[in-house]
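A.B. asks: Quick one: structure below, then a few questions.
Protein chains: 2
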Amino acid sequence: MDLPYTRIKGGICAAREFLGSAISCGIKDPKSNRLDLSLIYSKRECLSVGMFTQNRVKAAPVRVSQSHLRAESLRAIITNSGNANACTGPTGMQDAKNMAKETSKLLELRQREVGVCSTGVIGLPMPMIRIEPKYEDLVAGLGPKNGNDVARSIITSDTHEKEFAISFELHGKRVRIGGCAKGAGMINPNMATMLCFVTTDANIGKRSLKEAIENSVDNTFNRITIDGDTSTNDSVIILANGAAENKTIRRGTKECRDFSHALEFVMNKLAKAIVRDGERVTKFVTLEVKSARNTSDAKKVAQAVANSFLVKSSWNGEDPNWGRIIHAVGYSGASIREEFVDIYYESKVACKGGLQAKTNPEILRNIVSKPAFKITIDLGVGDANHRIYASDLSPEYIDFNRSEYAYWKQAKKDGLV
Amino acid sequence: MDLPYTRIKGGICAAREFLGSAISCGIKDPKSNRLDLSLIYSKRECLSVGMFTQNRVKAAPVRVSQSHLRAESLRAIITNSGNANACTGPTGMQDAKNMAKETSKLLELRQREVGVCSTGVIGLPMPMIRIEPKYEDLVAGLGPKNGNDVARSIITSDTHEKEFAISFELHGKRVRIGGCAKGAGMINPNMATMLCFVTTDANIGKRSLKEAIENSVDNTFNRITIDGDTSTNDSVIILANGAAENKTIRRGTKECRDFSHALEFVMNKLAKAIVRDGERVTKFVTLEVKSARNTSDAKKVAQAVANSFLVKSSWNGEDPNWGRIIHAVGYSGASIREEFVDIYYESKVACKGGLQAKTNPEILRNIVSKPAFKITIDLGVGDANHRIYASDLSPEYIDFNRSEYAYWKQAKKDGLV
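Residue numbers (my numbering), protein chains in the order written: chain A, 128 to 544; chain B, 128 to 544.
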């Protein structure tokens, strides 16, 4: 890469003095040994910042983590996959609190230093009976080489784990940032949620860290879409423990900008990996909206196009169908003039001034036949731009998401419903 | 039916002194004889009102019909299927105008008394070479028994034609209202790739007619959704020729309300038929949102739920998955309180106060296994309601919509691109 970063191994354990642990407790599948309970822990005190779903229906662990983040700085995060602990009422709240409490006892932390995340089916009570006997094993398993185990334990129907880490120079010290993520809830309705955990050993001020994560999320996770659904559990949490012993990063400095860019670089890798591994996704589409009247309009157009069933179907069908794209532009709510709209597949113009361009459709078809391509929509009415990353929609996606009924049967067997 | 209407035959020719004609000119498929060019004509002068797509990208025929409706009252409508004449620039405008002009000459009408509609592929030039030689045949074919031919000629991916007509007593006279519609894809409130023509022999004032159609569209075509896409070509046009010779219907009278209800009754039949015949649709879902803080919120919730990929996938999978429904409620943008939300499948409660209710899931599963069912979402925060009609989303829908590339190949063969 031409950026001043060195890619390193270790995921969430890449940064100094962070430990991880992941075990199987049978929530995902009582009969298999799939990892589904994990712990991230910093040996030193941490600064922490979290960003959570905008959905008004928030899972219990989201509420608990938000409250803990307001009061203290987290040093640990316990996460289960297989059950979202969403729409579970006061019992679900108690379950999430207990997960933090029991973990904090074993780690000798205050309860509020432990964050909680869950991902999985919505509306089913948490199978606490499977989790409770496992806290000790989980804590006992903490180690500096378990980043990949944690990355694997949080995935649900993702086809593979997603982790990425880098190191770079800051104030003459080597600073590390590493993270892992799991499939966007949108992709993965069976187990709705996007989770992302990032650890860094940078020594950084709280406001700088907050600004950096907000900018980075805005430029990465807020720019991906698979099916337009916003889950009840989306969480991005960063922990910074200062073990790199660099001079504290302060707002407005070059070091602060450098850190922010590095964080965005890591999150961008994870966000794109989520789209690429979207449920039954076959196409990765970079959608660039240019020359909108304002940023809000550029976003509206990008969202409308990226979430149109018909546009997504045509991507799946490798059809360079600019007609469907302009029709979504038209209903996006943005201020547009049809006769100014140009649409490009990579550098080839498909629609010029709202009309079919002269480019041979075979050339366009070759472009959309590739697994990844870029579409540029130039609205020609201003100078605001917005880029998002999107996927196609496949018949297999629908097939995959037709029913979660099996989970209810299992829950009944478990005496939970 | 317990309403004071008699169902009659004839579709758009059911009302007195309306004629229809439909022929094949090879736009849909040069090799078949599928009807794809039609004409509706009133032997008497008419009042007419039209409502058109909210998409900012409007097809040429929409612009032409809007302009003609502003200036005069239509007496005829020429419609082709197979090509939308959208995104076709000045040439497309000229083509649409020519369709009106040539028809008007043969009918001895002013050009502005002829409306034009098109439905089909977006972005391809109109194959006028196929239409031009056929105007005389089209006009010569006008007859009082061709309502069904017209209904069949306007459909595209619909599996069957949709027509409906009634008669009823008004001011001691028998009044008739009949219509036909097409739908199938790009169906969303605000009228999608949806055409609907209604004729009536009622004698009615212009403002009464306008009010009646606006109310009716709002309660029918604006409440259906298949895939959330709003097309470039949606048009609803009503012609009223007064041949029933009833006393003129005036605003605010009982007769005006009776007429309006009758019109809504006809449009409701057509709108529901569109959802039932949506592309590869297997479920017809009546979605009732109750007790919202205001109507805008009720609509937001209905739209978010009805257009969620995940909710639609679960309907297709016959999964009574209230978790996905409440998650869409949560991101709808409406003001809700999770703990007040109740969700019912028919009369059976699935979610009570945001939590899994006691109803046996097998009972709910039996309900969603039926081809049509009702879901009620009670938000419990106000007294505003909204009802819409929606469909599932099937793997076959995606398959069906993967590619229109064959049309481009044909257009190339025709020398149009």
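Glycine included, each C-beta is placed from N, C-alpha and C at the ideal position.
Please give me, in chain order, every unbroken run of the alpha helix (DSSP H) with length at least 4 that falls completely inside the segment 140-226 of chain A.
C.D. replies: You should have 187-198.
A.B. asks: Counting only Cβ pairs nearer than 8 Å, list the residues of chain A close to glutamine 430 of chain B.
C.D. replies: The residue labelled residue 430 of chain B in the question sits at position 303 within the second sequence. Neighbours of glutamine 430 of chain B on chain A: none; closest Cβ ~12 Å, over 8 Å.
A.B. asks: Kindly identify the DSSP beta-bridge partner or partners of glutamate 391 of chain A.
C.D. replies: Taking the first residue of the first sequence as position 1, residue 391 of chain A is located at position 264. Answer by DSSP bridge pairing: none, since glutamate 391 of chain A is not bridged.
A.B. asks: Note down, in chain order, every chain B residue with its Cβ under 7 Å from the Cβ of threonine 359 of chain A.
C.D. replies: Here residue 359 of chain A corresponds to residue number 232 of the first sequence, with the count starting at 1. In chain order: His454 and Gly457.
A.B. asks: Go through its chain and collect everything with a Cβ distance to lysine 396 of chain A's Cβ below 8 Å, but skip five positions before and after it.
C.D. replies: Position 269 of the first sequence, counted from the start, is the residue given in the question as residue 396 of chain A. Phe291, listed in sequence order.
A.B. asks: With 16 other CB atoms within 10 Å as the buried threshold, where does isoleucine 256 of chain B fall?
C.D. replies: As a working note, residue 256 of chain B is residue 129 in the second sequence. The residue is exposed, with fewer than 16 neighbouring Cβ atoms inside 10 Å.
A.B. asks: Quick check: what's the CA-CA separation for leucine 482 of chain B versus threonine 215 of chain A?
C.D. replies: Here residue 482 of chain B refers to the residue found at position 355 of the second sequence. Here residue 215 of chain A refers to the residue found at position 88 of the first sequence. Taking the straight line from one Cα to the other gives about 6 Å.
A.B. asks: Start and end of the beta strand (DSSP E) containing glutamate 415 of chain B?
C.D. replies: Counted from its first residue, the second sequence places residue 415 of chain B at position 288. That run of the beta strand (DSSP E) goes 411-419.
A.B. asks: Taking 9 Å as the CB-CB cut-off, is tyrosine 132 of chain B touching chain A?
C.D. replies: Along the second sequence, read from residue 1 onward, the residue named residue 132 of chain B stands at position 5. No - not a single Cβ of chain A is within 9 Å of the one on tyrosine 132 of chain B.
A.B. asks: Relative to the alpha-carbon of phenylalanine 145 of chain B, which residue among B:Ser165, B:Lys170 and B:Gly153 has its alpha-carbon at the smallest distance?
C.D. replies: Here residue 145 of chain B is taken as the residue at index 18 of the second sequence, counted from 1. Nearest option by C-alpha distance: B:Lys170.
A.B. asks: What would DSSP say about glutamate 235 of chain B, mapped onto helix, strand or coil?
C.D. replies: Against the second sequence, residue 235 of chain B aligns to sequence position 108. The answer is coil: DSSP assigns glutamate 235 of chain B none of H, G, I, E or B.
A.B. asks: With 7 Å as the C-beta to C-beta threshold (strictly closer), list the residues of the segment 216-241 of chain A near chain B in chain order.
C.D. replies: Here the close residues are Gly216.
A.B. asks: Helix, strand or coil for valine 468 of chain B? Go by DSSP, reduced to three states.
C.D. replies: In the second sequence, counting from the first residue as 1, residue 468 of chain B sits at position 341. Three-state DSSP puts valine 468 of chain B in coil, outside helix and strand.
A.B. asks: Closer than 7 Å by C-beta to alanine 511 of chain B: which residues in its own chain qualify, once you throw out the five before and the five after it? Chain order, please.
C.D. replies: Within the second sequence, residue 511 of chain B is the residue found at index 384, counting from 1. Excluding residues within five positions, the ones whose Cβ falls inside 7 Å are Ala419, Arg420, Asn421, Thr422, Asp424 and Ala425.
A.B. asks: Our contact map puts alanine 308 of chain B next to cysteine 323 of chain B with C-beta atoms below 8 Å; I'd like the distance itself, whole angstroms only.
C.D. replies: Taking the first residue of the second sequence as 1, we reach residue 308 of chain B at position 181. Taking the first residue of the second sequence as 1, we reach residue 323 of chain B at position 196. Confirmed, Cβ separation roughly 4 Å.
A.B. asks: Pick from A:Ser496, A:Arg301 and A:Ser462: whose alpha carbon is nearest that of tyrosine 472 of chain A?
C.D. replies: In the first sequence, counting from the first residue as 1, residue 472 of chain A sits at position 345. Taking only the C-alpha atoms, the option nearest tyrosine 472 of chain A is A:Ser496.
A.B. asks: Output the boundary residues of the alpha helix (DSSP H) element that contains tyrosine 534 of chain B.
C.D. replies: Stepping through the second sequence from its first residue, residue 534 of chain B is reached at position 407. Note, tyrosine 534 of chain B: alpha helix (DSSP H), 532-540.
A.B. asks: Any beta carbon from chain B within less than 9 Å of aspartate 404 of chain A's own beta carbon?
C.D. replies: Numbered from 1 along the first sequence, position 277 holds the residue referred to as residue 404 of chain A. No, no contact with chain B.
A.B. asks: Any C-beta of chain B within less than 9 Å: which residues of the segment 520-535 of chain A qualify?
C.D. replies: Residues passing the 9 Å Cβ filter: Leu520, Ser521, Pro522, Glu523, Tyr524, Ile525, Asp526, Phe527, Asn528, Arg529, Ser530, Glu531, Tyr532 and Trp535.
A.B. asks: Starting from the Cα of glycine 299 of chain A, find the closest Cα among A:Phe500, A:Thr283, A:Asp385 and A:Thr503 and give me that residue.
C.D. replies: Within the first sequence, residue 299 of chain A is the residue found at index 172, counting from 1. Residue A:Asp385 is the option with its Cα nearest to glycine 299 of chain A.
A.B. asks: Decide if the segment 192-208 of chain A is in contact with the segment 375-382 of chain A; the criterion is three or more beta carbon pairs, one per stretch, under 8 Å apart.
C.D. replies: No, because fewer than three Cβ pairs between the segment 192-208 of chain A and the segment 375-382 of chain A fall closer than 8 Å, the two stretches do not touch.
A.B. asks: Between A:Asn349, A:Glu382 and A:Asn368, which has its C-alpha nearest asparagine 330 of chain A's C-alpha?
C.D. replies: For the purposes of this step, residue 330 of chain A is identified with residue 203 of the first sequence, where counting begins at 1. Considering only alpha carbons, the answer is A:Asn368.
A.B. asks: With DSSP as the reference, please indicate the residues paired to serine 521 of chain A in a beta bridge.
C.D. replies: Numbered from its first residue, the first sequence carries residue 521 of chain A at position 394. Note: serine 521 of chain A sits in no beta bridge, so no partner.
A.B. asks: What's the C-alpha gap between alanine 211 of chain B and methionine 253 of chain B?
C.D. replies: On the second sequence, position 84 is the one that residue 211 of chain B refers to. On the second sequence, position 126 is the one that residue 253 of chain B refers to. Approximately 8 Å, taken between the alpha carbons.
A.B. asks: Let me confirm a value: alanine 370 of chain B is counted as buried when at least 16 other C-beta atoms fall within 10 Å, else exposed. Which label applies?
C.D. replies: Here residue 370 of chain B corresponds to residue number 243 of the second sequence, with the count starting at 1. Alanine 370 of chain B is buried by the Cβ-count criterion.
A.B. asks: Looking at the structure shown, is glutamate 290 of chain A part of a helix, part of a strand, or coil, going by DSSP?
C.D. replies: Here residue 290 of chain A corresponds to residue number 163 of the first sequence, with the count starting at 1. In this structure, glutamate 290 of chain A counts as strand in the three-state DSSP scheme.
A.B. asks: Do isoleucine 249 of chain A and histidine 195 of chain B have their CB atoms nearer than 9 Å?
C.D. replies: Translated into the one-based positions of the first sequence, residue 249 of chain A becomes position 122. Translated into the one-based positions of the second sequence, residue 195 of chain B becomes position 68. No; because the gap between Cβ atoms is not below 9 Å, this pair is not in contact.
A.B. asks: Less than 9 Å between the C-beta atoms of aspartate 446 of chain B and tyrosine 532 of chain A, yes or no?
C.D. replies: Locating residue 446 of chain B in the second sequence gives position 319, counting from the first residue. Locating residue 532 of chain A in the first sequence gives position 405, counting from the first residue. In this structure, tyrosine 532 of chain A lies closer than 9 Å to aspartate 446 of chain B by Cβ.
A.B. asks: Quick one: give me the first and last residue of the beta strand (DSSP E) that isoleucine 258 of chain B is part of.
C.D. replies: By 1-based counting over the second sequence, the position of residue 258 of chain B is 131. Taken as a continuous stretch (DSSP letters only), isoleucine 258 of chain B belongs to no beta strand (DSSP E), being part of the alpha helix (DSSP H) at 255-258.
A.B. asks: Is the segment 227-234 of chain B in contact with the segment 517-529 of chain A, if contact means three or more CB pairs nearer than 8 Å?
C.D. replies: The segment 227-234 of chain B is not in contact with the segment 517-529 of chain A.
A.B. asks: Whose CA, out of A:Gly153, A:Asp404, A:Gly219 and A:Val191, lies closest to the CA of glutamate 288 of chain A?
C.D. replies: Stepping through the first sequence from its first residue, residue 288 of chain A is reached at position 161. When only C-alpha atoms are compared, the closest one is A:Asp404.
A.B. asks: Counting only the same chain and skipping the five closest in sequence on each side, list residues whose C-beta sits under 7 Å from that of methionine 128 of chain B.
C.D. replies: The residue labelled residue 128 of chain B in the question sits at position 1 within the second sequence. At methionine 128 of chain B the pLDDT is 43, less than 50, meaning the model places this residue with poor confidence and gives no usable figure here.
A.B. asks: Can you find a heavy atom of the ligand FAD that lies under 8 Å from the Cβ of glutamate 288 of chain B?
C.D. replies: In the structure on display, the ligand FAD does not appear, and there are no ligands present to speak of.
A.B. asks: When the Cα atoms are used, what is the spatial distance from arginine 143 of chain B to lysine 272 of chain B?
C.D. replies: Residue mapping note: residue 143 of chain B aligns to position 16 of the second sequence, counting from 1. Residue mapping note: residue 272 of chain B aligns to position 145 of the second sequence, counting from 1. Roughly 11 Å between the two C-alpha positions.
A.B. asks: Going by C-alpha distance, which of A:Asp519, A:Lys155, A:Thr180 and A:Thr409 is nearest glutamate 460 of chain B?
C.D. replies: Residue numbering aside, residue 460 of chain B sits at position 333 when the second sequence is read from its first letter. A quick correction: the sequence has glycine, not glutamate, at residue 460 of chain B. Among A:Asp519, A:Lys155, A:Thr180 and A:Thr409, the Cα nearest to that of glycine 460 of chain B belongs to A:Thr180.
A.B. asks: Would you say valine 191 of chain B reaches chain A, if we count a Cβ-Cβ gap shorter than 9 Å as a contact?
C.D. replies: Here residue 191 of chain B corresponds to residue number 64 of the second sequence, with the count starting at 1. Output row for valine 191 of chain B: interface = no.
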